[in-house]
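Position 18 of the sequence shown, counted from 1, bears residue number 18 in full-length UniProt numbering, the numbering being contiguous throughout. Heads up: the structure comes next, in structure tokens.
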Amino acid sequence: MFTGIVQGTATLSSIEDRDGMRTLELAFPEGFCEDLTLGASVSVDGVCLTVTQLLSPTAASFDVILQSLNVTTLGGFGAGAQVNVERAAKDGAEIGGHPLSGHIDFSTEIISVRTSDTNRVLRIAIPEAFRKYVFAKGYIAINGASLTVSEVNRQEGWFEVWLIPETRRMTTFEEKVAGTRVNIEIERSTQVVVDTVREAVQESLGRLQPVLEALLKEKGLSLDDFVQAPQLPVASATGSDQPSHAPAVKG
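This is the structure we're talking about:
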């Protein structure tokens, strides 16, 4: 498990491709690899990878299977790329962001970027199948960073996050531009709530559900608009940010 609090950025030193497998060699910040062992888990741009070889006090290699290459952005990286990294959380560790599995749901494009002296706003596309899980003020993980959704438009298929200076300093987001692809992990408790409510509605309404959905669609609404995101405790840690007009809350 990971907390969504990015601990630094690493450099992709080399890539070796084999049949259905890619081996990545990463150079980490000083001290990141302390007590790192073979078989340990590291979040690399949000993807949970297993250490397969310790190369030096600041470098390790990881094998990435074809499925992960297809679903995530790791298949498009070249040598020299910068990635967000986080060590697996230890028992009893403070969850500064929100619990992450490192299992990416989808990769998607940044639609636009707005930057000021204090904030950077990313607008990110949402595939239609996942729009029902994204709520304003809810959590989402982008390239392994736990962030707070500031605004969402399900009809147009996008959401926005605001990045404060500390998050911009600790992650690779400062270099991201429109068209860049990012890895997304939706917040699991939100997914459970939405799916549970939808199943309950289906059981209750039966054959009336399509009629109700059609009526709501005429009003520009859907059943998902009536599902509330679960309320989670907010903690202070680098990662989850809110707009500058509200107190900067991370986690």
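For each residue, glycine too, the CB sits at the ideal point set by N, CA and C.
Annotation: the continuous beta strand (DSSP E) that includes aspartate 63 extends over 59-65.
Pairing leucine 12 with glutamine 67 gives a Cβ-Cβ distance that is not under 9 Å.
Look at the UniProt repeat "Lumazine-binding" (1-98) and you find these whole runs of beta strand (DSSP E), each 3 residues long or longer: 8-18, 21-27, 41-44, 47-56, 59-65, 82-87. Within 10 angstroms of the beta-carbon of isoleucine 140 lie 16 or more other beta-carbons, which makes it buried. Excluding five sequence positions before and after proline 57, the CB atoms of its chain that fall closer than 7 Å to its own CB belong to Cys33, given in chain order. Closest option to glycine 4, judged by alpha-carbon separation, among Ala88, Glu16, Asp19: Ala88. Inter-residue distance for phenylalanine 106 and threonine 118 is about 29 Å (C-alpha atoms, whole angstroms). Per DSSP, reduced to three states, the secondary structure at phenylalanine 159 is strand. In summary, threonine 50 is exposed, with fewer than 16 beta-carbon neighbours lying within 10 Å of its beta-carbon over all protein chains present.
No Cβ-Cβ contact shorter than 9 Å links glutamate 187 with glycine 157. The beta carbons of threonine 9 and serine 61 sit no closer together than 9 Å. Taking the C-beta atoms as reference points, leucine 122 is found nearer than 9 Å to phenylalanine 173. Assignment of phenylalanine 135 by DSSP, reduced to helix, strand and coil, places it in the coil class.
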